[in-house]
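**Student:** One structure coming up, written as structure tokens, with questions to follow.
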Amino acid sequence: MIRTEKHSIYIFLVTLLLTAPQCLAQIIEVCAECEVKNIQQGVALAEDRDTLLIKKGEYQEFNILVDKPISIIGEDFPVIDGQEKGEIFRIVSDNVRIQGLIIVNVGVSYTTDHAAIRVVRSSNFNIENNRFENLFFGIFLERSSKGVIKGNRIMGIARDEYNSGNGVHLWYSNNISVSDNRIEGVRDGIYLEFSDTIRIHGNESRRNLRYGLHFMFSNDNQYTNNLFENNGAGVAVMFSKRIRMTGNRFRKNWGPASYGMLLKEINDAEINDNLFEENTVGINIEGSNRIIYKGNQFVRNGWAVKVLGACYTNRFMANDFLYNSFDLSYNSNINDNIFEGNYWSNYSGYDLDKDGIGDVPHRPVKLFSYIVNRTPETLILLRSLFMDLIDFSERVSPVFTPDNLVDAKPKMRVVQ
Amino acid sequence: MIQIEKIYKRFGKNEVLKGVDLSIPQGGIYAVLGPNGSGKTTLIKCLLGLMIPDEGTIKVLDKPIKEQWKYREEINYLPQIANFPGNIRVCELIRMINDLRKKEGNEDFLVKLFGLEPFLDKKLANLSGGTKQKVNLTLAFMFDSPVMVLDEPTSGLDPASLIALKKLIRDEKQAGKTFLITTHIMQFVEEIADQVIYLLEGNIYYTGPLSGLYKKTGQNDLEHAIAAITTETRHA
Amino acid sequence: MLKILKYSFKDLMRSRWSYVYFLFYLLLGFVLLFLNNDLSKAVITLMNIIVVLVPLISTIFGIMYYYNSREFIELLLAQPLKRTSIFLGLYLGVAGSLTLSLFLGLGLPFALYGLFKSGDILNFSLLIITGSFLTFIFNGLAFNIAISNENRIKGFGYAVLLWLFMAVIYDGLFLLTLIVFEEYPLDTFSLVATVLNPIDLSRILILLELDISALLGYTGANFKAFFGTRLGITSALLMLMFWLLIPLWTSIKQAKRKDF
Numbered sequence: 099m100i101r102t103e104k105h106s107i108y109i110f111l112v113t114l115l116l117t118a119p120q121c122l123a124q125i126i127e128v129c130a131e132c133e134v135k136n137i138q139q140g141v142a143l144a145e146d147r148d149t150l151l152i153k154k155g156e157y158q159e160f161n162i163l164v165d166k167p168i169s170i171i172g173e174d175f176p177v178i179d180g181q182e183k184g185e186i187f188r189i190v191s192d193n194v195r196i197q198g199l200i201i202v203n204v205g206v207s208y209t210t211d212h213a214a215i216r217v218v219r220s221s222n223f224n225i226e227n228n229r230f231e232n233l234f235f236g237i238f239l240e241r242s243s244k245g246v247i248k249g250n251r252i253m254g255i256a257r258d259e260y261n262s263g264n265g266v267h268l269w270y271s272n273n274i275s276v277s278d279n280r281i282e283g284v285r286d287g288i289y290l291e292f293s294d295t296i297r298i299h300g301n302e303s304r305r306n307l308r309y310g311l312h313f314m315f316s317n318d319n320q321y322t323n324n325l326f327e328n329n330g331a332g333v334a335v336m337f338s339k340r341i342r343m344t345g346n347r348f349r350k351n352w353g354p355a356s357y358g359m360l361l362k363e364i365n366d367a368e369i370n371d372n373l374f375e376e377n378t379v380g381i382n383i384e385g386s387n388r389i390i391y392k393g394n395q396f397v398r399n400g401w402a403v404k405v406l407g408a409c410y411t412n413r414f415m416a417n418d419f420l421y422n423s424f425d426l427s428y429n430s431n432i433n434d435n436i437f438e439g440n441y442w443s444n445y446s447g448y449d450l451d452k453d454g455i456g457d458v459p460h461r462p463v464k465l466f467s468y469i470v471n472r473t474p475e476t477l478i479l480l481r482s483l484f485m486d487l488i489d490f491s492e493r494v495s496p497v498f499t500p501d502n503l504v505d506a507k508p509k510m511r512v513v514q
Numbered sequence: 115m116i117q118i119e120k121i122y123k124r125f126g127k128n129e130v131l132k133g134v135d136l137s138i139p140q141g142g143i144y145a146v147l148g149p150n151g152s153g154k155t156t157l158i159k160c161l162l163g164l165m166i167p168d169e170g171t172i173k174v175l176d177k178p179i180k181e182q183w184k185y186r187e188e189i190n191y192l193p194q195i196a197n198f199p200g201n202i203r204v205c206e207l208i209r210m211i212n213d214l215r216k217k218e219g220n221e222d223f224l225v226k227l228f229g230l231e232p233f234l235d236k237k238l239a240n241l242s243g244g245t246k247q248k249v250n251l252t253l254a255f256m257f258d259s260p261v262m263v264l265d266e267p268t269s270g271l272d273p274a275s276l277i278a279l280k281k282l283i284r285d286e287k288q289a290g291k292t293f294l295i296t297t298h299i300m301q302f303v304e305e306i307a308d309q310v311i312y313l314l315e316g317n318i319y320y321t322g323p324l325s326g327l328y329k330k331t332g333q334n335d336l337e338h339a340i341a342a343i344t345t346e347t348r349h350a
Numbered sequence: 002m003l004k005i006l007k008y009s010f011k012d013l014m015r016s017r018w019s020y021v022y023f024l025f026y027l028l029l030g031f032v033l034l035f036l037n038n039d040l041s042k043a044v045i046t047l048m049n050i051i052v053v054l055v056p057l058i059s060t061i062f063g064i065m066y067y068y069n070s071r072e073f074i075e076l077l078l079a080q081p082l083k084r085t086s087i088f089l090g091l092y093l094g095v096a097g098s099l100t101l102s103l104f105l106g107l108g109l110p111f112a113l114y115g116l117f118k119s120g121d122i123l124n125f126s127l128l129i130i131t132g133s134f135l136t137f138i139f140n141g142l143a144f145n146i147a148i149s150n151e152n153r154i155k156g157f158g159y160a161v162l163l164w165l166f167m168a169v170i171y172d173g174l175f176l177l178t179l180i181v182f183e184e185y186p187l188d189t190f191s192l193v194a195t196v197l198n199p200i201d202l203s204r205i206l207i208l209l210e211l212d213i214s215a216l217l218g219y220t221g222a223n224f225k226a227f228f229g230t231r232l233g234i235t236s237a238l239l240m241l242m243f244w245l246l247i248p249l250w251t252s253i254k255q256a257k258r259k260d261f
């Protein structure tokens, strides 16, 4: 997947090189003392494949329409100040590059989703190494494809959901690579809707009001090596198929409705080698089927995995469940999921034949978690001897918890 | 020296002391007598602050003792049953009491007097009743205090020690000390007591010299005198 | 008082029960570390054990010590000593020696397993602090029972009953109440009910450390205020302090009035 990303950049560069000599692309300098004083002027003057080199300085501009394939490149990070009057860049042409700009003061509106950069029905765009501050929406893609969003820093100061926008917003877009961005203090860090074959890699999404990553109706996407930390509600993944999530870290998402990851109506996904650490709920699963969870680490979460509603043929293999208050919680006593070969830190069995696998099956669902689901206040009795006694009796003869829910081959040592 | 005024003490329904009045001047040996359950030990424990009387006041050296503890520096006490912590040695016990009272004691003399030297390194749990009583006596006589309260000092003692004890008491009396002794050994009382306090059913039946008790009962030895009182009250 | 403390402490250091207690913790520490081979896991397991075990041992040991030192107490009472200092000295002696056994018995194996180089030192300190609090509290409660019951068998019975109530039955009733009244807002009730039982209170201290992620899932505003801020740990420690002082105060009050 990394290879494909590189591949596309490569193709892009080669295309540029091949076309350049034919058209003799120009460089137009933009600065206060230059002939071209502002960007809008520059865009109007530019021919296809020209480069606007924006010198260091402050440019008070908004509603800049980029309607030709040009590169707008900042030198020493010039500041584009939208004065909170509306949208700043709108790209309506293919092959546009925006790079090295500081874009500030996007206007907040309750009727239009103003963005620092909006890409409309375009492809092969590059938005790299920009900084966004005091924004409404950061980068907004609308029916666009084959683009790269890389190395941007989006720092919002959002306070309320109703008047804040998302960091990177993808709508009906596909084949996009979103990588190495840092997104903080917006509503949703990265938002996807009806967007397929997106690669999201190495981003850091922190302290966002709602979700660090939020996507719906978006299939065949890959999420790798991202960090989602301290977001209001963690990460929400809904109504999507064939998702691969690998090597991500989900940390410190705390609150009554906060999850490391919320899975809702997700089918045929792979969730491998992720770290879920100190979340109220590590993964909250609702109505999701045929998902493989492998090699994940669940460390010190309130609930490592919470299963709600009907979830069928999911497989949990070789995961580490370390010091969670509850490893697993079910709200029914039917189970159609498989747990095998995981490490459970509160496994109390033994391994006499020394093959690294516990001789006694482990029952990860405690009766207490069932009680807490029913009456949340009872959580205060966690770790009480009385609860341990109840759990023990339930473990011996399950009544309220699914009796086939066992890890028959619990590992004796941490897997990862 | 000691004033006891209208002391009442009850344990549940059982009224043990029913308004005891008693005044003991300085010097002399007072034997507190009475049948079993007449309140002798209770009276003594009230004096020492081990028990707290329901009513009445006790003064030692003209000061009320209620909720006080300093006055116990003026009293040496020999408890009736020598109950000691079992797992400490005799010498440690003596050292500890010395340490707690912050006074110089003459334990060496007493240890020699009662022949306790071989037992100094033994644990108290391993001592015989008599030896324990000797340790008890040593602790009681160690310090130079004006008031001595002895609860059954003779119990378990062999004749030689008994003689030593009597001599000890007489010597201390010579030094102007006040003794308050309870005992059931009438011979001991006859030999040693100057005054007798006779307790009966929680009241003082008689205080005064022994001769007065003989006169009152028309008997001429203590055992019979006391027996006479006891039967007299039973008949009454 | 310090002298009494010295002697009762000396006496206890000589008693084989202190050693039994000390060895028990030593063994527990080593066995847990040996079985888990993981410091964090052993500390967590230990925390679960401590809140239940320390009260039991402290109550039993406290009451046993009191009954066994009847003679010592009587000896001391006849000396020119304040009653309060005698009982305070004894109390501190027994609670202190138990705490020392706990500290050394657990500290030694964990130190040998490299506690000081690990990140678990905080959890371990919390464990020892909670254990010490529980030792003092339940010694105080045991003294209360012992002073008001001359009959040793009765005293022992009450002590075991007290532990059983605090450790198990109380939580059972608590749970039952929560389930029966689940339609009502229960956060204030839960917090109050927790505070009224020193074992639950210590448990909360441990939860605050180990299960904060889960606790932050609570919706009630009072829960949020309690668990989400420093208020929780401060008020829990403060309440433990109360729990320490109240039984001590009542037992000294009883001792002052008691006949020996």
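Residue numbers (the working numbering), protein chains in the order written: chain A, 99 to 514; chain B, 115 to 350; chain C, 2 to 261.
Glycine included, C-beta positions come from ideal geometry on N, C-alpha and C.
Please read these numbers as outputs of a predicted model, since none were measured by experiment.
What does the Cβ neighbour count give for Y219 (chain C), buried or exposed, with the cut at 16 atoms within 10 Å?
**Tutor:** The sequence position of residue 219 (chain C) within the third sequence is 218, counting from 1. Counting other Cβ atoms within 10 Å of its Cβ, Y219 (chain C) reaches 16 or more and is therefore classed as buried.
**Student:** Beta carbon of T100 (chain C), beta carbon of T60 (chain C): below 8 Å?
**Tutor:** Reading the third sequence from its first residue, position 99 is the one you call residue 100 (chain C). Reading the third sequence from its first residue, position 59 is the one you call residue 60 (chain C). No.
**Student:** Please list, in chain order, the chain B residues whose beta carbon lies closer than 8 Å to that of F111 (chain C).
**Tutor:** Position 110 of the third sequence holds residue 111 (chain C). Simply none; closest approach about 31 Å.
**Student:** Using a Cβ-Cβ cut-off of less than 8 Å, give me the residues of the stretch 35-68 of chain C that come near chain B, in sequence order.
**Tutor:** none
**Student:** Identify the residues that DSSP records as bridge partners of I288 (chain A): which are they?
**Tutor:** For the purposes of this step, residue 288 (chain A) is identified with residue 190 of the first sequence, where counting begins at 1. Paired residue(s): A:V266 and A:L311.
**Student:** What's the C-alpha gap between L324 (chain B) and Y312 (chain B)?
**Tutor:** In the second sequence, counting from the first residue as 1, residue 324 (chain B) sits at position 210. In the second sequence, counting from the first residue as 1, residue 312 (chain B) sits at position 198. For L324 (chain B) and Y312 (chain B), the distance between alpha carbons rounds to 10 Å.
**Student:** Against chain B, with Cβ distances strictly below 8 Å, would E72 (chain C) count as a contact?
**Tutor:** Sequence index remark: in the third sequence, residue 72 (chain C) carries index 71 (1-based). Closer than 8 Å to some Cβ of chain B, the Cβ of E72 (chain C) qualifies, so yes.
**Student:** Quick one, which residues of the stretch 242-265 of chain B are near chain C if we go by CB-CB under 7 Å, in chain order?
**Tutor:** none
**Student:** Just the C-alpha distance for L279 (chain B) and I189 (chain B), rounded to the nearest angstrom, thanks.
**Tutor:** Position 165 of the second sequence, counted from the first residue, corresponds to residue 279 (chain B). Position 75 of the second sequence, counted from the first residue, corresponds to residue 189 (chain B). The straight-line gap from Cα to Cα measures roughly 18 Å.
**Student:** Return the bridge partner residues of T292 (chain B) from the DSSP annotation.
**Tutor:** Taking the first residue of the second sequence as 1, we reach residue 292 (chain B) at position 178. Answer is B:G142 and B:V261, bridged to T292 (chain B).
**Student:** On a Cα-Cα basis, can you pick out the residue from C:V169, C:I205, C:A147 and C:S98 that is closest to R17 (chain C)?
**Tutor:** Here the question's residue 17 (chain C) lines up with position 16 in the third sequence. The shortest Cα separation from R17 (chain C) among C:V169, C:I205, C:A147 and C:S98 belongs to C:S98.
**Student:** My output table needs one value for G380 (chain A): the three-state DSSP class, helix, strand or coil.
**Tutor:** Position 282 of the first sequence holds residue 380 (chain A). G380 (chain A): strand per DSSP, three-state reduction.
**Student:** Would you mind sorting A256 (chain C) into buried or exposed? The rule is 16 or more other CB atoms within 10 Å of its CB.
**Tutor:** Numbered from 1 along the third sequence, position 255 holds the residue referred to as residue 256 (chain C). A256 (chain C) comes out buried.
**Student:** A237 (chain C): which of C:S214, C:F23, C:N37 and C:A194 sits nearest, CA to CA?
**Tutor:** For the purposes of this step, residue 237 (chain C) is taken as residue 236 along the third sequence, with counting starting at 1. Out of C:S214, C:F23, C:N37 and C:A194, C:A194 has the C-alpha closest to the C-alpha of A237 (chain C).
**Student:** G353 (chain A) CB to nearest chain C CB: under 8 Å?
**Tutor:** Position 255 of the first sequence, counted from the start, is the residue given in the question as residue 353 (chain A). It does; some Cβ of chain C falls within 8 Å.
**Student:** Comparing the C-beta of V193 (chain C) with each C-beta of chain A, is any distance below 8 Å?
**Tutor:** Counting from 1 along the third sequence, the entry for residue 193 (chain C) is found at position 192. For V193 (chain C), the answer is no, since every Cβ of chain A falls outside 8 Å of its Cβ.
**Student:** Leaving out the 5 sequence neighbours to the left and right, which residues in its chain are closer than 8 Å to K132 (chain B) when beta-carbon positions are compared?
**Tutor:** As a first step, residue 132 (chain B) must be located in the second sequence, where it is residue number 18. Hits under 8 Å: Y122, E315, G316 and N317.
**Student:** Are the Cβ atoms of V516 (chain A) and G393 (chain A) separated by less than 8 Å?
**Tutor:** There is simply no residue 516 (chain A) to check, as chain A begins at 99 and stops at 514 in what is shown.
**Student:** Can you tell me whether G221 (chain C) sits near the ligand SAH, meaning its C-beta is under 7 Å from at least one heavy atom of the ligand?
**Tutor:** As for the ligand SAH, it is missing from this structure, which has no ligand bound.
**Student:** By a C-beta neighbour count over all protein chains shown, 10 Å radius and 16 as the cutoff for buried, is K127 (chain B) buried or exposed?
**Tutor:** The sequence position of residue 127 (chain B) within the second sequence is 13, counting from 1. Exposed, since its Cβ has fewer than 16 Cβ neighbours within 10 Å.
**Student:** At the level of alpha carbons, what is the spacing between V366 (chain A) and Q138 (chain A)?
**Tutor:** The residue you call residue 366 (chain A) lines up with position 268 of the first sequence. The residue you call residue 138 (chain A) lines up with position 40 of the first sequence. According to the sequence provided, residue 366 (chain A) is Asp. The question's Val does not apply to it. Approximately 47 Å between the Cα atoms of the pair.
**Student:** Using the DSSP secondary-structure output, state which residues sit across from E240 (chain A) in a beta bridge.
**Tutor:** Taking the first sequence and counting its residues from 1, one reaches residue 240 (chain A) at position 142. Looking at the DSSP assignment, E240 (chain A) forms a beta bridge with A:V218 and A:W269.
**Student:** How about Y92 (chain C): is its C-beta nearer than 8 Å to some C-beta of chain B?
**Tutor:** By one-based count along the third sequence, residue 92 (chain C) stands at place 91. Not closer than 8 Å to any Cβ of chain B, the Cβ of Y92 (chain C) fails to qualify, so no.
**Student:** In this structure, does DSSP put V504 (chain A) in helix, strand or coil?
**Tutor:** Taking the first sequence and counting its residues from 1, the one referred to as residue 504 (chain A) is at position 406. Coil.
**Student:** So does the stretch 144-155 of chain B actually touch the stretch 276-295 of chain B, counting three or more Cβ pairs closer than 8 Å?
**Tutor:** Contact between the stretch 144-155 of chain B and the stretch 276-295 of chain B is established, with three or more Cβ pairs separated by less than 8 Å.
**Student:** Comparing alpha-carbon positions, which option in A:G353, A:G385, A:K464 and A:T473 lies nearest I494 (chain A)?
**Tutor:** If you number the first sequence from 1, residue 494 (chain A) lands on position 396. Before going on, a small fix: residue 494 (chain A) reads as Val here, not Ile. Of the candidates A:G353, A:G385, A:K464 and A:T473, the one whose C-alpha sits nearest the C-alpha of V494 (chain A) is A:K464.
**Student:** Take the Cβ of E131 (chain A) as the centre, count every other Cβ of all protein chains shown within 10 Å, and call the residue buried at 16 or more, exposed below.
**Tutor:** Here residue 131 (chain A) is taken as the residue at index 33 of the first sequence, counted from 1. So E131 (chain A) ends up on the exposed side.
**Student:** Just the chain A side, please: which residues come within less than 9 Å of V169 (chain C) by C-beta, in chain order?
**Tutor:** Residue mapping note: residue 169 (chain C) aligns to position 168 of the third sequence, counting from 1. Ordered by position in chain A, the residues that pass the 9 Å Cβ test against V169 (chain C) are S482, L483, F484 and L487.
**Student:** Can you find the residues in the same chain that come closer than 8 Å, C-beta to C-beta, to L202 (chain C), ignoring five residues on each side of it along the sequence?
**Tutor:** Walking along the third sequence from the start, residue 202 (chain C) turns up at place 201. The answer, listed in chain order, is T195, V196, A237, M240, L241 and W244.
**Student:** Sorted by chain position, which residues of the same chain lie with C-beta nearer than 6 Å to L239 (chain A)'s C-beta, five sequence neighbours on each side aside?
**Tutor:** As a first step, residue 239 (chain A) must be located in the first sequence, where it is residue number 141. Excluding residues within five positions, the ones whose Cβ falls inside 6 Å are V217, L268 and S271.
**Student:** Taking the alpha-carbon positions, what's the P119 (chain A) to N227 (chain A) distance?
**Tutor:** Residue numbering aside, residue 119 (chain A) sits at position 21 when the first sequence is read from its first letter. Residue numbering aside, residue 227 (chain A) sits at position 129 when the first sequence is read from its first letter. Residue placement at P119 (chain A) cannot be trusted, given a pLDDT of 49 that sits under 50; the coordinates are not used to answer.
**Student:** For F73 (chain C) and P199 (chain B), which I take to be in contact (beta-carbon distance under 8 Å), what is that distance rounded to the nearest angstrom?
**Tutor:** Your numbering for residue 73 (chain C) matches position 72 in the third sequence. Your numbering for residue 199 (chain B) matches position 85 in the second sequence. The Cβ separation is near 4 Å, so the contact holds.
**Student:** Residues of chain A with CB closer than 8 Å to the CB of L29 (chain C), please, in chain order.
**Tutor:** Counting from one through the third sequence, the residue named residue 29 (chain C) turns up at place 28. Near L29 (chain C) there are no residues of chain A at all, since even the closest Cβ is about 16 Å away, more than 8 Å.
**Student:** Rounded to a whole number of angstroms, what is the C-alpha to C-alpha distance between D451 (chain A) and L179 (chain C)?
**Tutor:** The residue you call residue 451 (chain A) lines up with position 353 of the first sequence. The residue you call residue 179 (chain C) lines up with position 178 of the third sequence. If you take the alpha carbons of D451 (chain A) and L179 (chain C), they lie about 44 Å apart.
**Student:** With 8 Å set as the bound, which would you pick, yes or no: does the beta-carbon of P474 (chain A) sit closer than that to a beta-carbon of chain C?
**Tutor:** Along the first sequence, read from residue 1 onward, the residue named residue 474 (chain A) stands at position 376. P474 (chain A) counts as touching chain C.
**Student:** Could you give the first and the last residue of the continuous alpha helix (DSSP H) run that contains R204 (chain C)?
**Tutor:** Residue numbering aside, residue 204 (chain C) sits at position 203 when the third sequence is read from its first letter. P199 to L211 is the extent of the alpha helix (DSSP H) around R204 (chain C).
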